[in-house]
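These protein sequences, in sequence, are chains A and B.
Residue numbers for the first sequence follow my numbering, beginning at 1 and rising by one.
Residue numbers for the second sequence follow my numbering, beginning at 124 and rising by one.
For every residue, glycine included, the Cβ atom is placed at its ideal position computed from N, Cα and C.
Fair warning: this is a prediction, and the values are worked out from it, not measured in the lab.
Number of protein chains: 2
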Amino acid sequence: MEKHLTNVYKEGLHLISEFSVADTTLIKDMELVTAYFNTCIDTFGLQKVGEVYHQFPESGYTAVVCLTESHISIHTWPEFNRVTFDVFLSNYQKYNNETAEKIHDGLLKLLNAKEHSVKRLMR
Amino acid sequence: MEKHLTNVYKEGLHLISEFSVADTTLIKDMELVTAYFNTCIDTFGLQKVGEVYHQFPESGYTAVVCLTESHISIHTWPEFNRVTFDVFLSNYQKYNNETAEKIHDGLLKLLNAKEHSVKRLMR
């Protein structure tokens, strides 16, 4: 399944996002985001090749999901009410720009994001 | 050691890089980059909290190193002579902008990068 299927590199969308939240307890809860990412992978037919979830003591967490399509990462800082979040999905085997946007939107809703900024790069 | 030491969020430098190489055999060699990242972590006093290294059959690899300081990621596509590379280091416990630049420069030298583009974000 990992074998490449087409012969032209297709740039993927990388969403580079920062936000704060209404309630910082939500960004201490690593299980919440673990479940969300796993649901996204199933829902959108992504292929996970590895992952790291690391909880900092009495603080936030760092999580990266490695995909055949590239990666998703999140770093939370509840003590500063700050989250940095990346969704980077290749369009190689199929077009994933809408999927990347949906994963981004869904996480912001899940965590009840307030102020936020997002940059979009094709790469 | 993971306990946060200061009480102000400090934006970190995120280098977002793409490049091609003179010899694509170098971007199939995951051991090369594994050794390089581990050397960087030791040299620059970064704190690794997890990692994923995944080799695609007869192709490139995906690697992400999760750090207390955020993450480093690389996705290689030897069949297209294309690499996407990210270095994102928080300045929270110490100022890491120069370290991020050195890790970026060193990897481009290691892999004998040719054409390349890099964007820098503070986030």
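What's the C-alpha gap between residue i and residue j?
i: residue 151 of chain B; j: residue 130 of chain B; result: 42 Å
i: residue 127 of chain A; j: residue 89 of chain A; result: Residue 127 of chain A falls outside the range modelled here, since chain A spans only 1 to 123, and no answer is possible.
i: residue 153 of chain B; j: residue 233 of chain B; result: 12 Å
i: residue 117 of chain A; j: residue 147 of chain B; result: 36 Å
i: residue 242 of chain B; j: residue 215 of chain B; result: 21 Å
i: residue 231 of chain B; j: residue 198 of chain B; result: 13 Å
i: residue 103 of chain A; j: residue 221 of chain B; result: 32 Å
i: residue 64 of chain A; j: residue 50 of chain A; result: 9 Å
i: residue 178 of chain B; j: residue 66 of chain A; result: 12 Å
i: residue 176 of chain B; j: residue 115 of chain A; result: 34 Å
i: residue 132 of chain B; j: residue 192 of chain B; result: 12 Å
i: residue 77 of chain A; j: residue 57 of chain A; result: 12 Å
i: residue 41 of chain A; j: residue 48 of chain A; result: 7 Å
i: residue 160 of chain B; j: residue 134 of chain B; result: 22 Å
i: residue 136 of chain B; j: residue 169 of chain B; result: 15 Å
i: residue 1 of chain A; j: residue 39 of chain A; result: Because residue 1 of chain A carries a pLDDT of 45, less than 50, the predicted location of this residue cannot be relied on, and no value is offered for it.
i: residue 124 of chain A; j: residue 246 of chain B; result: What the structure shows of chain A is the stretch from 1 to 123, and residue 124 of chain A is not part of that stretch, so it cannot be assessed.
i: residue 94 of chain A; j: residue 218 of chain B; result: 40 Å
i: residue 149 of chain B; j: residue 26 of chain A; result: 42 Å
Out of the options, point me to the one whose CA is closest to residue i's CA.
i: residue 34 of chain A; options: A/58, A/12 and A/72; result: A/72
i: residue 224 of chain B; options: B/210, B/234 and B/233; result: B/210
i: residue 142 of chain B; options: B/205, B/164 and B/218; result: B/205
i: residue 60 of chain A; options: A/16, A/107 and A/79; result: A/79
i: residue 185 of chain B; options: B/208, B/163 and B/136; result: B/208
i: residue 244 of chain B; options: A/15, A/10, A/52 and A/70; result: A/15
i: residue 124 of chain A; options: A/10, A/65, A/46 and A/21; result: A question about residue 124 of chain A goes unanswered here, because the residues of chain A that appear run from 1 up to 123.
i: residue 106 of chain A; options: A/47, A/32 and A/58; result: A/32
For residue i, which beta-bridge partners are listed by DSSP?
i: residue 17 of chain A; result: A/85 and A/118
Every unbroken beta strand (DSSP E) inside the stretch 39 to 120 of chain A [3 residues or more]
48 to 55, 61 to 67, 70 to 77 and 82 to 89
Query raised in the report: What residues from the stretch 199 to 224 of chain B come within 9 Å of chain A, judged by C-beta to C-beta, listed N to C?
Result: 200, 202, 203, 204, 205, 207, 209, 211, 213 and 215
Under 9 Å, CB to CB, which of the residues in the stretch 36 to 66 of chain A have a partner in chain B?
49, 50, 51, 52, 53, 54, 56, 57, 58, 59, 62, 63, 64, 65 and 66
Using a Cβ-Cβ cutoff of 7 Å, what residues of the stretch 15 to 28 of chain A are near chain B? List them in chain order. 16 and 18
* To do: Could you name the residues of the stretch 105 to 120 of chain A whose beta carbon sits closer than 8 Å to any beta carbon of chain B, in the order they occur along the chain?
  => 119
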